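Here is the structure we will look at.
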Amino acid sequence: MKRVIYLVLGCVGLGLGALGAALPLLPAFPFLLLAAVCFGKSSPRLHNWFIGTKLYKNNLESFVRGQGMTIKAKFRIMSVVTLTMAVGFLMMSRVPLGQIILLCVWVAHIFIFLFAIKTRQEDSQETIDLAKPREPENEV
0 MKRVIYLVLG
10 CVGLGLGALG
20 AALPLLPAFP
30 FLLLAAVCFG
40 KSSPRLHNWF
50 IGTKLYKNNL
60 ESFVRGQGMT
70 IKAKFRIMSV
80 VTLTMAVGFL
90 MMSRVPLGQI
100 ILLCVWVAHI
110 FIFLFAIKTR
120 QEDSQETIDL
130 AKPREPENEV
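Each residue of the sequence shown is one higher than the last, beginning at 0 in numbering that gives the first Met the number 0.
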């Protein structure tokens with residue numbers, strides 16, 4: 000029964016994560032992380048398939064390996080969360096306690112992304128090309 004629950008949660012996480020990769024207001028990262036964890040607990044075969052997908056590799060792979068996230072990925076996630084929370088903050092104009100709680104969550108989110116999650120350099124094409132051995136040029 001546990002495996003079925005993990006499987007369903009993994010599929011929901013995958014679906015929401017895929018939507019989040021396409022829609023600017025829905026974050027993909029937490030849903031894809033949920034999918035990875037749930038697939039890992041429900042089915043090794045499904046987990047292996049998921050970690051082979053481009054969706055996983057583009058959004059989670061470097062984070063899961065402990066390499067951190069690129070500044071571009073951090074900025075994208077922080078921007079979407081800030082925009083979403085700003086809308087919620089404005090809608091709570093008559094609920095000051097709600098605004099305070101939302102503001103605290105937002106500050107914690109920014110703090111975690113800036114200081115707790117490692118920032119890694121983006122791999123540039125030039126760096127990748129330099130790592131490959133060059134073939135000797137034919138001189139005429």
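Virtual Cβ for every residue (Gly too), placed ideally from N, Cα, C. Here the structure is a predicted model, which means the values were calculated and not measured.
Member of the options whose CA lies at the smallest distance from the CA of residue i
i, options, result
"V11", "F38, K1, M0", "F38"
"T81", "R64, C103, F62", "C103"
"K71", "R2, M0, L25, T118", "T118"
"A20", "N58, I99, R2", "N58"
"A17", "T52, I4, V36, M0", "T52"
"Q120", "E60, Q66, K1", "Q66"
"I140", "W105, L25, L22, V36", "Any answer about residue 140 is impossible in this case: the structure gives the chain only from 0 up to 139."
Pair within 8 Å by beta-carbon distance, residue i and residue j
i, j, result
"Y55", "L89", "no"
"M84", "I109", "no"
"A27", "F49", "no"
"M68", "I111", "no"
"L101", "G87", "yes"
Whole-angstrom distance between residue j and residue i, CA atom to CA atom
i, j, result
"L45", "L8", "13 Å"
"E125", "L113", "Because the pLDDT of E125 is 38, which lies under 50, any placement of that residue in the model is unreliable, and the number read from its coordinates should be weighed accordingly. Distance between the alpha carbons of E125 and L113: 27 Å."
"L6", "F62", "22 Å"
"P29", "S41", "18 Å"
"L15", "V79", "15 Å"
"L74", "V94", "Rather than Leu, the amino acid found at residue 74 in this sequence is Phe. When rounded, the distance between both Cα atoms is 29 Å."
"L13", "P43", "16 Å"
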